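Residue 0 is where the sequence shown starts when you use numbering that gives the first Met the number 0, and the numbers rise one by one after that.
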Amino acid sequence: MNASGGRRTSLREVIEARRSAEFVGRDAELARYAQNSGMPVDDRRRRFVFHVHGTAGVGKTSLVHRLKEAAVTRGALTGYVDDSVNSVPDAMAAISAEVTRQGRRLKEFDRMLATYRQRRHEAASLVDDPDRTLTAQGGPPASHLLAARAGLIALSLVPGAGPIAGAVDPAQVAEGTAKMKARLSSHFRQDDVQLVMDPLPVLSPLFFDELEQAAADSGCGEIALFFDTYERTGAFLDSWLATLFAARRYGEPPAGLVVTTAGRRPLDRARWADSIDLVAEMPLRPFTEDEARELLTARGIVDEPVVREVLRLSGRLPVLVSMLAAHPDTAAGAVDDPSSTAVERFLSGEQDPVHRAAALDAALPRKLDEDVFAEAVDDESGTLFAWLRDMPFVDERVGLAAYHDVVRTPMLRLRRTGSPQRWIASHERLAAAFARWAATAAAGVDPRRLWSAENWRELRLEETYHRLCARPRPSLAAALRDGIGACREGTAAARAWARMLAQAGEDADTDLLRGWGRDCLAALADESRLGIDLLALLLARAELDVAGRVEALVVRARDLHNSGDYEASLADAHRALSLDPDHAPALHGRGRTLRRLGDLDAALADLDRALELEPHFGWTLAERGEVHRLAGRYEEAVADLDGAVAAGLDHHWPLASRGHALLRLGRTVEALADLDRALERKPDYVWALLRRARARGRQGDFTGALADLTRAGELAPDHPWIAGERGDTYRFAGRHEEAVAEYTRALELDPAYAWALGSRAMALEGAGRSQEALADLTRALELEPDYAWALLRRAEIRARQGDTAGARADVGRAEATAGSREARALAASGGAHALAGRHEEALADLDRALRLAPGHRPALWSRVGTNLALGRTQQALADLAELGRLPRTESEGSPQAYRPVDLPRWTGGGADSAGY
């Protein structure tokens with residue numbers, strides 16, 4: 000406790016207070032900022048963005064902290080961000096955390112941010128079934144094409160993305176966008192689809208609305224946000240901030256908001272053109288002589304010869320003036336290199352050689368804590384770290400100490416050129432220390448998941464940085480290989496890796512690393528491309544060994560798959576397997592893509608081989624179970640999904656997929672248990688809600704079924720098939736008018752939804768409205784002329800009305816459809832196998848027949864008998880229940896893609912089976 004009995008004052012607070020008291024100069028900038036804060040928000044002279052810019056060492060960060068202190072004094076809510084963040088969501092998260100420390104909370108934003116991170120993780124490798132698209136065959140709808148083209152236009156707001164956007168075929172982007180939206184739509188609620196695909200328009204309004212409310216609650220209403228080291232963070236922050244003030248894409252900025260950015264370069268006036276009248280530039284130049292003298296006087300330095308020498312050596316750069324002022328005796332005997340001389344004189348002013356060595360050695364790590372300092376510096380006394388933290392050139396960043404660039408750079412140059420062998424040895428010692436710490440952090444972590452472990456990842460980056468500084472060329476190959484692992488984790492990790500590479504190039508003064516860092520950062524400019532362009536760069540130029548090429552191809556295949564480019568993904572998987580035919584992750588990845596493309600037999604072959612190589616890998620077991628489920632082999636699906644769960648894969652989608660397979664086997668109680676567990680893990684899992692509604696309906700629990708469908712409709716209000724499912728539930732319960740209302744809603748959402756027209760026709764027929772039913776069936780057949788199920792239902796109604804010729808014509812058309820012909824042949828083949836006692840072969844043919852024509856009576860009746868012969872009573876009962884729901888007809892028809900037997904637009908298990 001302090002003397003007054005209040006909270007204990009920290010050493011850092013003492014240091015900051017001392018530095019604040021000693022801050023001199025920049026009076027004009029401080030006055031301008033203060034004057035602006037006093038203006039009404041509607042005053043045309045008021046500015047909402049201040050951009051501080053100038054060369055390294057000119058005092059940008061010091062001024063930003065003084066501006067922040069001034070804002071705090073006025074009672075403003077404040078937030079500060081530097082280059083410790085790698086994305087806009089990271090920046091918002093850092094500000095939210097700082098607001099929390101000020102006694103306010105952005106609760107809804109924090110909740111949405113957590114949802115975004117979870118959904119982003121899930122969507123990173125989301126897979127689904129080949130028929131879970133939102134549109135008919137023939138390419139993306141016009142609305143998706145327009146959306147994708149708008150997305151390309153938006154890319155011009157991302158540094159380096161303009162040329163990329165111009166080189167991309169908008170039609171290809173549109174196709175990928177439509178496919179991605181289709182996959183996400185069947186897995187996430189509609190809001191989450193938007194959140195995953197374009198998070199900033201979702202997160203930003205919440206963020207700024209809650210900031211505004213928190214500022215109002217504080218009684219001041221002002222919000223002051225500060226974005227330092229903008230030369231590094233502007234690559235992803237600048238377009239966000241410029242758009243915030245120029246358009247409503249990210250919501251309305253709070254009236255009391257003032258943003259301050261600080262970097263080495265002026266703002267991009269082209270990007271800020273629409274709101275340049277809101278911006279005040281604050282170019283910083285070295286101190287005037289009066290300002291420099293004021294600082295020296297404040298430090299007690301008034302001897303004129305010393306003052307003149309400090310002014311000459313420092314070039315009046317504030318950080319060097321401050322440093323030399325701390326040791327005025329170093330300003331004697333000037334030489335001609337101002338920056339290196341300043342360092343040399345500072346070090347020579349230390350009488351204790353241990354301090355001198357410590358200052359140089361501690362400059363080598365990018366950031367310092369006590370553990371890193373102990374590895375960098377021989378500190379037997381244990382007091383040097385506290386001494387160093389009190390030096391004017393050491394800043395605090397996220398709890399770590401870091402040298403100011405203008406001092407660290409010449410110190411590194413002095414160490415590198417003055418003693419090359421010591422430079423190498425020191426960096427290798429630090430690399431070894433980070434390697435030890437990384438090995439400890441890796442304990443108990445799946446080696447395939449190391450890059451997802453933040454602590455390990457940060458340690459690995461520092462280890463790699465020091466190896467590159469020590470021996471750039473020999474260490475480059477391993478460093479570039481790490482870029483593949485960073486891409487596997489995501490773009491934020493890849494960007495941190497690329498920035499490390501670029502900084503190693505600067506600090507080791509090697510064009511080789513500089514060039515790689517620059518090119519890798521440019522390849523990551525387009526966030527929507529994931530790691531595709533960076534991996535292409537590595538594959539083209541990194542001289543990877545065979546194992547590295549395989550890994551890069553597998554990760555790029557995953558990213559291509561997740562961006563909707565399945566053919567390109569498949570090509571990369573083929574290339575990887577041509578290099579290593581027994582690479583389990585490549586087999587797994589190709590299997591999931593083949594499944595997405597509908598080639599279930601080829602997918603199964605790949606997954607079988609992957610499991611021979613890694614028999615107990617849960618994700619591959621789950622993926623093979625999904626293939627079996629799609630193929631109608633429900634027993635095999637359950638067996639694999641059992642294995643996946645037993646292997647520890649306690650994830651919502653394998654549980655839901657197994658639940659659906661159990662439902663198809665007639666094991667409704669077990670199915671409900673799995674679907675319940677899946678929904679406990681992911682309550683807004685639309686696919687599982689639809690499946691559970693089906694299961695509840697089978698048990699006669701129409702109230703529960705409707706509750707699930709209502710919840711699904713809330714989560715995905717624009718999806719017509721959910722309304723259609725509600726219609727089915729009402730129709731099977733005999734509530735035909737309510738069914739008609741739901742089908743009508745589905746058709747309002749999608750007027751070309753042929754299945755909804757056919758199903759509404761059945762509800763209308765049940766309600767005694769036969770003429771309206773005929774009209775709906777006729778309209779459905781105009782949309783889909785080969786819709787055999789609708790032809791048969793129309794034939795039934797026509798026959799009851801005495802239109803024998805019309806009924807016969809419809810039956811003939813139905814029997815002529817390709818699906819019906821093949822289904823009849825397979826049903827006959829299955830029946831023959833069953834009569835010969837070849838029951839497994841019979842089931843294979845009958846399952847195929849029913850995939851082609853769900854509801855095909857002969858196939859269903861044959862499968863009932865076959866399952867009974869095999870002792871599979873529950874499966875036989877399930878088929879009998881299905882037969883009971885089918886309308887009677889003398890001719891056996893086949894529904895097309897929209898027959899409501901198994902929700903064809905929702906057949907996928909859901910999330911990632913990538914696993915690697």
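Using N, Cα and C, we set each Cβ at its ideal position, and we do this for glycine too.
Just so you know, these numbers come straight off a predicted model, no measurement behind them.
Legend entry - Assigned secondary structure, residue 262 (DSSP; H/G/I helix, E/B strand, else coil): strand
Legend entry - Presumed contact (8 Å Cβ cut-off) between residue 455 and residue 441, rounded CB distance: 5 Å
Legend entry - Buried versus exposed, by CB contacts within 10 Å (16 or more), residue 698: exposed
Legend entry - Candidates 507, 496 and 498: closest to residue 472 by CA position: 507
Legend entry - Assigned exposure category for residue 141 - 16 Cβ within 10 Å defines buried: Because residue 141 carries a pLDDT of 35, less than 50, the predicted location of this residue cannot be relied on, and the following value inherits that uncertainty. Looking at its Cβ environment, which holds fewer than 16 other Cβ atoms inside 10 Å, residue 141 is exposed.
Legend entry - Exposure label - residue 253; buried when at least 16 CB within 10 Å: buried
Legend entry - the region 456-469 touching the region 423-436, judged by at least three CB pairs closer than 8 Å: yes
Legend entry - Straight-line gap, residue 501 to residue 357 (C-alpha atoms, nearest Å): 26 Å
Inset, instruction - Answer with buried or exposed for residue 615, where buried requires no fewer than 16 other C-beta atoms within 10 angstroms of its C-beta. - result: exposed
Legend entry - Three-state secondary structure assigned by DSSP to residue 752: coil
Inset, instruction - Entirely within the region 587-633 and at least 4 residues each: give me those alpha helix (DSSP H) ranges in chain order. - result: 599-612 and 617-629
Inset, instruction - Note down the Cα distance separating residue 638 from residue 523, rounded to an integer number of angstroms. - result: 42 Å
Legend entry - Range covered by the alpha helix (DSSP H) that runs through residue 857: 856-868
Inset, instruction - Would you mind sorting residue 577 into buried or exposed? The rule is 16 or more other CB atoms within 10 Å of its CB. - result: exposed
Inset, instruction - In angstroms with no decimal places, state the Cα-to-Cα distance between residue 627 and residue 203. - result: 43 Å
Inset, instruction - Can you give me the Cβ contacts of residue 361 inside the same chain, cut-off strictly under 7 Å, excluding the 5 residues immediately before and after it? - result: 367, 372, 375, 376 and 387
Inset, instruction - Look up residue 281 in the DSSP assignment and say whether it is helix, strand or coil. - result: strand
Inset, instruction - Find out if the Cβ-Cβ distance for the pair residue 643, residue 624 is shorter than 9 Å. - result: yes
Inset, instruction - Taking the CB atoms as reference points, tell me whether residue 266 and residue 237 lie closer together than 9 Å. - result: yes
Legend entry - Beta-carbon proximity list for residue 88, same chain, < 7 Å, skipping 5 on both sides: 112, 115, 198 and 202
Legend entry - Contact check, residue 538 vs residue 555, beta carbons under 9 Å: yes
Inset, instruction - Consult DSSP for residue 94 and reduce its assignment to one of helix, strand or coil. - result: helix
Inset, instruction - Determine the closest residue to residue 298 out of 281, 282, 321 and 251, with distance taken between C-alpha atoms. - result: 321
Legend entry - Sub-9 Å separation of residue 741 and residue 723 beta-carbons: yes
Inset, instruction - May I ask you to report which of helix, strand or coil DSSP gives residue 803? - result: helix
Legend entry - Segment contact, 8 Å Cβ cut-off, at least three pairs: the region 715-731 with the region 758-768: yes
Inset, instruction - Would you kindly work out how many angstroms separate the C-alpha atoms of residue 420 and residue 365, rounded to a whole number? - result: 20 Å
Inset, instruction - Measure the C-alpha to C-alpha separation of residue 786 and residue 808 and round it to an integer number of angstroms. - result: 14 Å
Inset, instruction - Specify the secondary structure class of residue 838 as computed by DSSP and reduced to three states. - result: helix
Inset, instruction - Check whether the Cβ atoms of residue 210 and residue 48 sit closer than 9 Å, and answer yes or no. - result: no
Inset, instruction - Have a look at the DSSP bridge pairing and note the partners of residue 225. - result: 79 and 259
Legend entry - 9 Å Cβ cutoff met for residue 70 and residue 221: yes
Inset, instruction - Can you tell me which of 484, 521 and 487 puts its alpha carbon nearest to the alpha carbon of residue 498? - result: 521
Inset, instruction - Please report the Cβ distance between residue 920 and residue 858, rounded to the nearest whole angstrom; I am assuming they are in contact, meaning their Cβ atoms lie under 8 Å. - result: With the chain covering only 0 through 915, there is no way to say anything about residue 920.
Inset, instruction - Can you grab the Cα-Cα spacing for the pair residue 248 / residue 227, in whole Å? - result: 24 Å
Legend entry - the region 674-689 in contact with the region 856-875 per 3-pair CB rule at 8 Å: no
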